[in-house]
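For the sequence shown, UniProt numbering begins at 1 and goes up steadily by one.
All C-beta atoms in this analysis are idealised placements derived from N, C-alpha and C, irrespective of residue type, glycine included.
Computed from a prediction, not measured in an experiment: that's the story for all the values here.
Taking it in order: structure first as structure tokens, then the write-up.
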Amino acid sequence: MVLTAVDDPEASTQIWKLCKERRIPANIADVPPECDFYFGSTHRDGPLQVMVSTNGKGPRYANIMRRSIAANLPTNAGGGIEKVGKLREMLRKIAPRPEEGPKRMSWMIKVSDAYSLDDLCSMTEDEMARLLEFYGPNEAPTLESIKALNNN
């Protein structure tokens, strides 16, 4: 990967051509047609990463848009994604075989559609374990149902 930011258009183009000959990705600063990739404005919240790029057309606007997107994300987005990751990890332990992949995916979609980020953030590992009992019958009961079962 090559990055250049020299104030010499001819040298920049020469570097870009050499990179093309050698099949090396290049980013020639301020010359979008000579860029194989661009940098973006990035927001991170734990495992969540959002990147906005204008492909070199307006970097400042990428930053403005990224801040706007970040400001409108749920405050617990990263935490909810962490919990989804933990649930998936637990699910892979009870259904580890590759041929179970489609069913695992289908069930996780069902759970993701049924549970809000707030629900996921509030779940304990015991509640997740209880939820996993519904993987076999392919059900996604409400969090209230799971909590009631845990209280019995």
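Relative to R67, the option among V50, E99 and V111 whose CA is nearest is V50. Within the model, the alpha-carbon separation for S12 versus S41 is close to 24 Å. Distances from the CA of A77 to each of P32, L91 and D118 were compared; the closest alpha carbon is that of D118.
Here Y115 is buried. Its C-beta has 16 or more other C-beta atoms within 10 Å. Distances from the CA of V84 to each of L3, L48, D30 and V52 were compared; the closest alpha carbon is that of L48. Counting only unbroken stretches of 4 or more residues, no alpha helix (DSSP H) element lies wholly within the region 10-45.
Under the 8 Å Cβ criterion, the region 90-100 does not count as touching the region 57-74, having fewer than three qualifying pairs.
G80 places its beta carbon 7 Å or farther from that of C35. Nearest C-alpha to P59 among E99, G101, D30 and K20: D30. Secondary structure at L73: coil, using DSSP grouped into helix, strand and coil.
Every unbroken stretch of the beta strand (DSSP E) spanning 3 or more residues and falling wholly within the UniProt domain "Siroheme synthase central" (45-71) is given here in chain order: 48-52. Residue state for V6 is assigned as coil, using DSSP reduced to three classes. Taking C-beta atoms as the reference points, N150 and E127 count as a pair closer than 7 Å.
Spanning the alpha carbons of D113 and T4 requires a straight line of approximately 45 Å. Between the C-alpha atoms of T124 and E99 there is a straight-line separation of about 29 Å.
Judged by DSSP in its simplified three-state form, G79 adopts helix.
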